[in-house]
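Data first, discussion second: the structure below is written as structure tokens.
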Amino acid sequence: MTAPGSQPARQGARSLDPHLRRYARRTAGMTASEIRALFAVASRPEVVSLAGGMPHLAALPLESLSAEVGQLIASDGLVALQYGSAQGVPELREQICEIMALEGISAHPDDVVVTVGSQMALDMVTRIFCDPGDVVLAEGPSYVGALGSFAAYQANVVHVTMDDAGLVPEALREAIVTAVERGQRPKFLYTIPNFHNPAGVTLAAERRAEILDICAEHEVLVIEDNPYGLLGFDGQTYPALRSMDADNVVYLGSFSKTFASGLRVGWALAPHAVREKLVLAAESATLCPPTFNQLVVSRYLSTHDWKGQIKTYREAYRERRDAMLGALEQHMPPGCTWTRPTGGFYVWLTAPEGVDTKAMLPRAITQRVAYASGTGFYADRLGSRQMRLSYCYPTPERIREGVRRLANVLEDELELYRTFGSVPGREVSGPQAPSPDTA
Ligand SMILES: Cc1ncc(COP(=O)(O)O)c(C=O)c1O
């Protein structure tokens with residue numbers, strides 16, 4: 001017989017999630033990003049979204065691409081629509097090596113694994129290296145999708161300080177030594193050296209060798225994530241960490257920012273033994289990356305002026321960056337500071353004391369502007385005064401209007417703080433799964 005009252009309680013739990021008790025422990029670290037919850041509202045046309053990392057695909061030559069895709073099916077459809085190798089299409093892997101050479105990397109196509117975006121590579125790298133409780137090092141703040149993968153495999157993220165010149169070598173050394181003293185040698189350092197997401201800074205050339213030396217000395221692998229490296233606004237590139245150390249760096253690349261994010265084609269370049277494990281992990285995840293998408297990328301690279309396309313993207317993003325920096329200068333209340341990116345998609349803004357950017361977000365959306373609040377970019381709940389502002393997608397006019405609205409929201413927030421000594425609705429959050437909107 002059922003005890004009085006137990007039925008409604010069970011029904012309540014069931015309606016919450018009937019599978020709750022079945023999930024693996026690792027799912028506890030998987031939570032949706034806050035902006036995903038607000039996505040329906042934030043994507044209304046009247047809201048200027050400075051939250052998303054969506055590339056400016058309107059700059060693509062859609063007509064000639066459509067002709068190319070048609071020809072691909074007509075001439076090579078039976079290959080393009082068939083399963084392929086788990087490591088990826090060989091001709092694409094050769095082309096990827098030519099692209100990586102632009103940042104000084106000399107690599108063999110055999111050491112490249114094509115992945116479903118570099119996000120999949122991040123997942124696989126974490127899967128093959130991290131047991132629950134393992135320590136991984138990452139810049140603070142760091143890419144939300146990487147933090148999501150680390151959380152999914154129950155790794156402990158230790159953030160390493162950055163400044164305007166990127167990761168601080170001394171802070172890295174200290175973080176490693178502290179972890180080793182606690183008996184937890186970090187499994188790897190995850191770093192985004194160029195045009196950082198979300199911080200907008202770039203690792204100074206003179207720090208690169210030092211960071212590699214520190215990691216080699218302490219036997220810490222380096223995961224170099226570089227989706228924005230070719231998007232320097234003056235066409236500038238930096239030597240990839242992988243070009244300076246082929247044995248201790250796993251390099252991740254992507255066509256998402258330089259061509260088309262929806263094709264979901266990225267890659268990992270890894271030392272031989274690691275590459276073997278990555279291929280096995282990829283096989284169990286997807287059997288093979290989509291042959292069709294890989295061949296679309298490969299044909300695009302061989303038939304289109306892809307370097308010219310990257311230049312077009314760079315120029316569009318530079319104009320948008322200028323619009324954002326100009327508007328920030330003009331409108332932001334005193335006490336706000338922000339980074340000045342020389343490439344990529346993002347500005348990282350720090351608000352004065354009294355502002356909690358997560359608590360403020362619903363109010364900002366009511367005022368028709370959205371941003372990504374800072375706490376999602378930390379595993380340890382820091383970042384409550386920070387926000388990431390993306391200039392990649394809206395037009396310069398919309399960016400200026402969005403920043404103007406945001407400045408008004410911040411002004412109101414600071415006014416409340418000055419009047420009451422606090423602002424209602426304070427909350428903090430942990431690492432979040434990536435969503436296409438915050439990527
Ligand atoms: C730093 C970083 N790494 C990886 C990714 C994932 O890119 P992809 O589209 O190749 O999966 C992103 C996407 O925004 C990113 O910013």
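Residues 1 to 439 (the UniProt record's numbering) make up the sequence shown, in order.
From the three backbone atoms N, C-alpha and C, an ideal C-beta is built for every residue, glycine too.
From a predicted model like this one, the values you see are computed outputs, not experimental measurements.
As a beta-bridge residue in DSSP terms, residue 189 pairs with 137 and 222. Under DSSP, residue 337 takes part in a beta bridge, and its partners are 350. Annotated three-state conformation of residue 120 is helix, per DSSP. Excluding sequence positions up to five before and after residue 288, its CB lies within less than 7 angstroms of the CB of 83, 84, 85 and 86, all in the same chain and listed in chain order.
Taken atom to atom, the span from the alpha-carbon of residue 54 to that of residue 29 is near 25 angstroms. Assignment of beta-bridge partners to residue 388 by DSSP yields 348 and 372. Rounded to the nearest angstrom, the Cβ distance from residue 373 to residue 361 is 5 angstroms, consistent with a contact under 8 angstroms. Contact annotation: residue 357 and residue 59 have beta-carbon atoms that are not nearer than 8 angstroms.
With a cutoff of 7 angstroms, residue 192 counts as near ligand 1, since its C-beta is closer than that to a heavy atom of the ligand. 163 is the residue among 163, 218 and 212 whose C-alpha sits nearest the C-alpha of residue 199. A contact is defined here as three or more CB-CB pairs under 8 angstroms, and the segment 132 to 152 meets this definition with respect to the segment 183 to 195.
Judged by DSSP in its simplified three-state form, residue 66 adopts helix. If you draw a straight line from the Cα of residue 108 to the Cα of residue 416, it comes to about 59 angstroms. Relative to ligand 1, the beta carbon of residue 225 is positioned inside 7 angstroms of a heavy atom. Here residue 44 is exposed. Its C-beta has fewer than 16 other C-beta atoms within 10 Å. Of the residues assessed, residue 123 falls on the buried side of the cut-off, its CB having 16 or more other CB atoms within 10 angstroms.
DSSP, read as helix, strand or coil, puts residue 332 in coil. Our two residues, residue 329 and residue 336, have alpha carbons roughly 10 angstroms apart in a direct line.
When DSSP states are grouped into helix, strand and coil, residue 296 belongs to the helix group. Between the C-alpha atoms of residue 222 and residue 207 there is a straight-line separation of about 14 angstroms. Measuring C-alpha to C-alpha distances from residue 231 to each of 413, 99, 143 and 250 identifies 99 as the nearest.
With the rule of 3 Cβ pairs closer than 8 angstroms, the segment 363 to 372 counts as touching the segment 393 to 412. In the three-state DSSP reduction, residue 256 falls in the helix class (H, G or I). In the DSSP assignment, residue 145 falls within the unbroken alpha helix (DSSP H) covering 144 to 152. Burial check for residue 22: the Cβ neighbour count within 10 Å stays below 16, so the residue is exposed.
For residue 161, the enclosing beta strand (DSSP E) stretches over residues 156 to 163.
Shown here, residue 115 sits in a strand according to DSSP, grouped into three states.
Residue 112 and residue 145 do not touch by the CB rule: their CB atoms are close to 21 angstroms apart, not below 8 angstroms. Annotated three-state conformation of residue 85 is coil, per DSSP. Cβ-Cβ distances below 6 angstroms link residue 19 to nothing in the same chain once the five nearest sequence neighbours on each side are left out.
For residue 271, the closest alpha carbon among the candidates 27, 77, 106 and 49 is that of 106.
Spatial neighbours of residue 345 in its own chain (CB-CB distance under 6 angstroms, excluding positions within 5 residues in sequence) are listed in chain order as 53, 390 and 392. Using a 10 angstroms sphere on the CB of residue 420, the tally of other CB atoms stays under 16, which defines it as exposed. In this structure, DSSP gives residue 16 a helical state, which the three-state scheme calls helix. Around residue 398, the same chain offers 48 as residues with beta carbons nearer than 7 angstroms, after the five sequence neighbours per side are excluded.
Here the distance from the Cβ of residue 43 to the nearest heavy atom of ligand 1 is not below 7 angstroms.
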